[in-house]
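Reviewing the structure listed below.
Numbering (mature numbering (1 follows the signal peptide of the UniProt record, and there is no 0)), first residue to last: -26 to -1, 1 to 546.
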């Protein structure tokens, strides 16, 4: 009798367990939309998944063909990298019969070598691009349709605007006289309506808006602030531009900053100075707008906080020109630009740094990578390469935010770049602190491409890494609407408070500044489990172009600091 009833009891127990499990998880986990990141999920917030892993490096290609002074990642999962046109013969020929005119070539008036390239980092294929005007120290950003809009440069390229669409055979379309004045070492920023503003440039103390293709600007808007912040070494080129959450433009140059209304051309306020040295080219610090935490059911302003790390003393460039290299700055300073009376809050990096890149990671941490420990930006103006990336966690306790990561073996000095890839690894490229391609200098021209895998890519954390079901996620979303993100993960105890859903605007990176970079932490409303291991999280799109300009963003699901691979979503 006992032998025949035991299996029946097992079946009954199993049915009861499945019923209770289904009752517990089939209903959505409700979420407080007023404070989505602090009050989500269980009463006690779970810690981030973290190990002792400090990242690894991989050499992915021995030659990029051109040295990557500028770097962007397109919605087609291609890297566009390009240099100046006057750096010398590259390692990537243009197709036969497709040379560019070059008046400086006294032999035949042609240049048959590429100075821009498209790198398919999935297939590991390189395609030469033909840029006509000189892109040396230029700027750029992505339009709402994913087209790269690129401005300024040197000589015949200083007033140019260039367009590169994202098709398999697309190449540059150029308008050499689009801008009103030379924009060399200027900064370009997308605005809420999808238009672009270009600010500054060497000996150009003004700003203008990029005109429609084929048109030219007859004039510009003067900005005396740029004259005021120019010192004997300049130290205000490539000013830091960040679009605030009120639609105004934060502009930082040298050690001062203002808030400009680009619609009325009015300076609304000046912020306290940052008195620890200089922070713009050649004293190149790094800067970013820290991740924005969005809300779904409140009209309260969204706080916007800027961070600036590193830089150099006011006289570092003059000393470097005499081959005297003094340590770069070690300070990181944060300023909440939406507060009525903000002040800088400063902390100290583990190492000094100049001309580094600052990237916002999909999990809302910050990566500081590349650069040097002594000197400034410029040809031969730095030494002591800083090979060790830093992880900065903005939401951690003060004095617990920095973590040293695994060093590379390849110096990435002046004219080096980096970018976040959709798989959440980091592409690292470039470095040429020489006035032409030079392979015997102390720091030779660099063509090797590396990938850096941050701590969240520890193989031991793979079990916690979500996988977005791409075909079940909308390819485009409209401002202020709710949409669902479907993903797989094996964490059975997953709760809404464990998750972030982030959207990342891929930047245009050059000279230690990633223009137009933006990371949004979306408001998450509910979480449900429609099937074993498959989850659906409901989120709210950003409210307007003021908070998130139109365009293509990488969407990530983050499980306790471990991000999924990204999928492209167009915000309209």
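Ideal Cβ placement from N, Cα and C applies to all residues, glycine included.
Item, Value
"Among 420, 57, 233, nearest to residue 387 - alpha-carbon criterion", "420"
"Rounded straight-line distance, which links the Cα of residue 339 to that of residue 25", "16 Å"
"Environment of residue 111 [buried if 16+ CB atoms lie within 10 Å]", "buried"
"Closer than 8 Å to chain C by CB, residue 69", "The chain labelled as chain C is not found in the depicted structure, where only one protein chain is given."
"Short Cβ contact (8 Å threshold) for residue 40 with residue 70", "no"
"Secondary structure of residue 480, DSSP reduced to three states", "coil"
"Distance, residue 492 Cα to residue 263 Cα", "7 Å"
"Candidates 319, 320, 292, 326: closest to residue 301 by CA position", "326"
"DSSP-derived helix/strand/coil call for residue 29", "coil"
"DSSP three-state assignment for residue 130, whether helix, strand or coil", "helix"
"Whole-angstrom distance between residue 432 and residue 527, CA atom to CA atom", "25 Å"
"Residues of its chain near residue 332, where Cβ-Cβ distance is below 7 Å and the 5 sequence neighbours each way are ignored", "260, 261, 262, 283, 340, 342, 488"
"Presumed contact (8 Å Cβ cut-off) between residue 448 and residue 543, rounded CB distance", "7 Å"
"Sequence-distant residues of its chain with Cβ nearer than 8 Å to residue 28 (five each side left out)", "377, 378, 379, 380, 429"
"Pairwise C-alpha distance: residue 53 and residue 35", "13 Å"
"Which residues DSSP lists as bridging residue 510, in chain order", "460, 502"
"Helix, strand or coil at residue -6 according to DSSP, with G and I counted as helix", "Because residue -6 carries a pLDDT of 37, less than 50, the predicted location of this residue cannot be relied on, and the following value inherits that uncertainty. Residue state, collapsed to three classes: helix."
"Minimum length 3: unbroken beta strand (DSSP E) runs contained in the segment 245 to 290", "260 to 263, 279 to 283"
"Same chain, Cβ closer than 6 Å to residue -6, five either side skipped, listed in chain order", "For residue -6, the predicted structure reports a pLDDT of 37, less than 50, and the residue's modelled location is therefore unreliable. The matter cannot be settled from this model."
"Counterpart residues of residue 235 in DSSP-defined beta bridges", "240"
"The segment 490 to 506 contacting the segment 178 to 195, beta-carbon criterion three pairs below 8 Å", "no"
"Residue environment, residue 98, which counts as buried when at least 16 other CB atoms sit within 10 Å", "exposed"
"For residue 352, the nearest candidate out of 47, 409, 250, 226 (CA to CA)", "409"
"At least three beta-carbon pairs within less than 8 Å, the segment 392 to 407 to the segment 471 to 488", "yes"
"Per DSSP, the bridge partner or partners of residue 114", "124"
"Straight-line gap, residue 167 to residue 524 (C-alpha atoms, nearest Å)", "7 Å"
"CB contact flag (residue 299, residue 345, <8 Å)", "no"
"Close beta carbons around residue 323, own chain, < 8 Å, minus the five adjacent residues each side", "283, 284, 304, 305, 306, 342, 364, 376"
"For residue 212 and residue 468, the rounded distance between their alpha carbons", "44 Å"
"CA-to-CA distance, residue 109 to residue 58, given in whole angstroms", "5 Å"
"Whole-angstrom C-beta distance between residue 218 and residue 224, which should lie under 8 Å", "6 Å"
"Nearest-angstrom Cα separation, counted from residue 162 out to residue 356", "26 Å"
"Test item: CB-CB of residue 222 and residue 252 under 8 Å", "no"
"Where residue 438 falls: helix, strand or coil (DSSP)", "helix"
"Pick from 384, 207, 138, 126 that is closest to residue 174, judged by C-alpha positions", "126"
"Reduced DSSP category for residue 530 - H, G, I as helix; E, B as strand; rest coil", "strand"
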